[in-house]
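So the structure is just underneath, and the comments pick up after that.
In our numbering, the protein residues as written are 293 to 972.
Below you can see the structure in the form of C-alpha cells.
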C-alpha cells in the first residue's frame with residue numbers, strides 16, 4: 293500500500309525480456325515481486341482477520357476493516373515524504389534485509405497474538421518498514437541497469453508492484469479453500485484462512501530478505517552523506533498552484549479522484565460485501581483479484597480498443613461507465629454475476645486511469661511536472677485514506693435491512709447501500725469531468741460512437757512521437773504561407789528545431805502532383821479522383837517528411853493538411869466530408885496535428901488579393917464560400933484543437949495572436965523572456 297502510484301505504460305515485450313536478462317536486476321526484480329506479493333497478501337489477510345475477530349457483529353466488522361485500511365495508509369501520509377531522505381543515509385542492501393526480516397517477524401506474530409490491538413500495531417510497523425524498503429529499492433534500480441534500459445526497468449518494476457495483486461488474490465482464495473478442508477480435522481484457531489495467509493505472507497518476506505542478501509551488486513554505503521534540502525511543502529504548493537490555474541488539469545484531477553473514490557469504496561467494502569452474499573474468504577480473494585484483473589485489462593487494451601476517441605472524452609466517459617457498474621454491483625445478490633461486473637468495473641476504471649495519467653504527463657509543462665505528480669499522488673493517497681476509512685463506517689451505521697414484498701423478500705445491507713451511493717457520486721463526478729474536459733462541445737459522445745463503429749472517427753488520441761505538429765488551413769489569399777514562415781522564424785529564434793512544409797508539394801512526388809492538380813491546363817478532374825490524388829500526396833508527405841521529423845522531436849508546420857481535403861473536396865466539390873476525411877485518415881495513419889490554425893477571411897476578399905489564379909483558385913465564388921463555411925464548422929466542432937484567426941488583420945497582429953496560442957501547447961517549452969522581447 294505504500295508503493296507510489298504508477299504512471300501507466302507497458303514496455304515492448306523485447307525491452308522487458310532484455311532488461312530482465314541482466315542477472316543482477318533479475319534477482320532484484322524477483323525480490324520486488326515477492327515483496328509486493330507479500331504486501332497484497334498481507335492486505336487481504338489483515339482485513340479478513342479484522343472481520344473474523346468481530347465474531348459476526350456487522351457494525352464491529354465494518355469498523356474493524358476501516359481501522360486496518362487507516363493504519364495501512366496513514367504512515368505513508370505522514371512518513372512518506374521523509375522516508376526516502378532517511379533511507380538514503382543507510383547502506384541500501386542492509387536496510388532492505390533489515391526491513392524484510394522485521395516484516396517477516398511482524399506478520400508471523402499477528403495470528404499468534406490474535407487481537408485487534410496487535411493487528412493494528414503490527415500493521416503500522418509493517419507499513420513503516422515498507423516506506424524505508426521502497427525508496428532503497430527504487431534507488432538501487434539505476435545501479436543495476438544501463439541508462440538506456442532504465443525506462444524499461446522502471447516499467448517492469450511496475451509489473452512486479454501491481455501485477456502480483458491478482459496472484460495474491462488467487463493464493464488467498466486457495467488458502468481459504470484449504471482452511472475449509474482442514475477445519476474438519478483441526479480446531480478453528482488453527483485452520484483460519486487469515487492465519488494461513490499471514491504465515492505464507494511472513495515466509496514471502498523472509499524469502500525476499502534471502503534474495504536481497506545474495507545481491508552483492510548493490511553498492512555499499514549510504515546514498516548521500518549530506519541532507520537533502522528539498523522543500524516538499526513548497527513543491528506541493530507549487531503543484532497545487534499550477535493545477536488550480538488550468539481548467540483542463542482541474543477537470544482531470546477531479547475525475548481521477550472520482551475514479552479512486554469508486555475503487556476505494558469497492559476495496560474497502562469487499563470483505564463485508566461478500567459476507568452479505570453469504571460467501572467467505574475464498575470469494576473475497578476472487579472479488580479482490582477481479583478488481584485488479586479488470587484494471588490490468590483496461591490499462592493494457594483500453595488505449596487500443598478506444599484508439600479512435602480523444603483521451604479527454606474517453607477519460608470522463610470511462611469513469612462514468614465504471615461508476616455505473618459500481619451501482620449495478622451494489623444491486624446484485626449473485627456472487628458469480630458480481631465478480632463479472634467487478635471485472636468490467638475495473639476495466640473501465642483502468643481505461644480512465646491510463647488516459648488520466650497519460651494526459652497529465654502531456655498537458656503539464658516539464659518544469660512543473662514532478663511537483664504536479666507529487667501533488668496529485670498526495671491528494672489521491674489522502675482521498676483513499678478518507679474513502680477506505682469512511683465507507684465501512686457508513687456501512688456499519690446503515691446496518692442490515694430486509695425488504696419484504698408480497699411473494700419474496702430482498703436483503704440489502706450497509707455495504708450495498710454505501711457502494712450504491714459511491715457509484716452515484718462517481719457518475720456525477722464522471723459527468724462533470726467529461727463536460728469540463730470534452731474537446732468538441734457541439735459533438736455528442738454518441739455521434740463519436742457511431743462514427744467509430746464505421747471507422748470514420750479516426751485516431752485523435754495523439755501519436756507516440758515527441759515532436760509537435762501544427763497545421764495551417766484557410767481559403768485562398770488568407771496569408772497562410774506568410775504566417776507559417778513567420779512562426780518558423782520565431783520558433784527557431786527561441787531554440788526549437790522546425791520543419792516547414794506544404795501540401796501538395798512538400799515532397800518530390802508532391803511537387804509533381806501539385807503541377808497536375810493546380811495547373812489550369814489539366815482541366816476538369818473527377819472530384820473523387822482529385823480527393824484520392826490529394827490523399828496520395830498526403831500519405832507520402834507524412835511517411836517521408838512529417839513522421840521522421842516528429843520522431844526526432846522537431847516542430848512540424850505544414851501549410852495545409854487533412855482539413856483542406858474535407859473543406860475543398862468535401863464541401864467545395866460537394867462530396868461526403870466524412871468519406872473524404874476517412875480516406876485521408878487512412879492515408880496518414882491517423883496522424884492529427886495538436887493545433888490547427890484556421891486563417892479566416894471572406895472568400896471575395898481573399899480572392900481579390902490574388903495576382904493570378906490556378907485551377908482551384910479559378911473556381912466560382914460559391915465554391916470558395918462553401919469552403920470557408922466548412923472550415924468554420926470544423927473549428928466549431930473542436931475549439932480546443934482549432935484556432936480561428938481573423939485574417940483581415942495586419943500580418944503583425946495575426947502573428948502575435950498565433951504566437952500567443954502556440955505558446956500554450958503542452959509539448960512546446962517557449963521561453964517567456966523571448967515572448968516578452970517579441971511583444972516589445
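Backbone N, C-alpha and C fix where the C-beta goes; we use that ideal spot for every residue, glycine too. Remember, it's a predicted structure, so these values are computed and weren't measured experimentally.
Check your understanding: Are there three or more Cβ pairs, one per stretch, closer than 8 Å when the segment 758 to 767 is compared with the segment 841 to 859?
Key -> yes
Practice item. Can you give me the Cβ contacts of residue 621 inside the same chain, cut-off strictly under 7 Å, excluding the 5 residues immediately before and after it? Key: 630, 633, 634, 637 and 711
Point to revise | C-beta atoms of residue 314 and residue 437 nearer than 8 Å | key: yes
Review point. Along the chain, where does the beta strand (DSSP E) that runs through residue 760 open and close?
Key: 760 to 766
Review point. Under a three-way DSSP split, which group does residue 938 fall into?
Key: strand
Practice item. Indicate whether the contact test is met: 3 or more Cβ pairs, each with one atom in the segment 866 to 884 and one in the segment 776 to 793, closer than 8 Å. Key: no
Exercise for review: Could you spell out the range, first to last residue, of the beta strand (DSSP E) harbouring residue 696?
Suggested key: 694 to 696
Check your understanding: At a Cβ threshold of 8 Å, is residue 397 touching chain D?
Key -> No chain D is part of this structure, which consists of one protein chain only.
Review point. Can you tell which of 558, 589, 722 and 790 has the C-alpha that lies nearest to the C-alpha of residue 682?
Key: 558
Check your understanding: Between which two residues does the beta strand (DSSP E) carrying residue 888 extend?
Key -> 887 to 892
Check your understanding: Is there contact between the segment 610 to 618 and the segment 716 to 730, where contact requires at least three CB pairs shorter than 8 Å?
Key -> yes
Check your understanding: Rounded to a whole number of angstroms, what is the C-alpha to C-alpha distance between residue 593 and residue 607?
Key -> 14 Å
Exercise for review: Would you kindly work out how many angstroms separate the C-alpha atoms of residue 941 and residue 794, rounded to a whole number?
Suggested key: 23 Å
Review point. Where does residue 702 land, buried or exposed, given buried means 16+ other C-beta within 10 angstroms?
Key: exposed
Review point. Would residue 368 pass as a contact of residue 430 if the rule is Cβ separation under 8 Å?
Key: no
**Study point:** Nearest neighbour of residue 679, chosen from 346, 361 and 340 [CA to CA]
**Key:** 361
Practice item. Pull up the DSSP beta-bridge partners for residue 794, would you. Key: 851
Check your understanding: Can residue 428 and residue 371 be called in contact, C-beta distance under 8 Å?
Key -> no
Review point. What does DSSP give as the partner residues of residue 472 in its beta bridges?
Key: BP columns for residue 472 are empty, so no partner.
Check your understanding: So what does residue 702 bridge to, in DSSP terms?
Key -> 695
Point to revise | Counted within 10 angstroms of its Cβ, other Cβ atoms place residue 938 as buried (16 or more) or exposed | key: exposed
Review point. Given residue 954, which residues of its chain have a CB within under 6 Å of its CB, disregarding the five upstream and five downstream residues?
Key: none
Practice item. Determine, using beta-carbon pairs with one atom in the segment 461 to 476 and one in the segment 576 to 595, whether at least three such pairs fall under 8 Å. Key: yes
Review point. Is the number of C-beta pairs between the segment 873 to 880 and the segment 827 to 843 that are closer than 8 Å three or more?
Key: yes
Point to revise | Cβ shell of residue 956 (< 7 Å), same chain only, five flanking positions each side left out | key: none
Practice item. For residue 684, count neighbouring Cβ atoms within 10 angstroms of its own Cβ and tell me buried if that reaches 16, exposed if not. Key: buried
**Study point:** C-beta contact flag for residue 584 and residue 675 at 8 Å
**Key:** no
Point to revise | Supposed close pair residue 358, residue 343 - CB separation, criterion 8 Å | key: That belief does not hold up - the Cβ atoms of residue 358 and residue 343 are roughly 11 Å apart, past 8 Å.
Check your understanding: Is residue 576 helix, strand or coil by DSSP?
Key -> helix
Exercise for review: From the DSSP output, in three-state form, read off residue 868 for me.
Suggested key: coil
Review point. Can you name the start and end residues of the alpha helix (DSSP H) that residue 948 belongs to?
Key: 943 to 954
Review point. Using the C-alpha atoms, what's the distance from residue 468 back to residue 700?
Key: 32 Å
Review point. How would you write the range of the alpha helix (DSSP H) that residue 804 sits in, first residue to last?
Key: 800 to 810
Review point. Quick one, are the C-beta atoms of residue 797 and residue 806 less than 8 Å apart?
Key: yes
Review point. Just how far apart, CA to CA, sit residue 564 and residue 415?
Key: 20 Å
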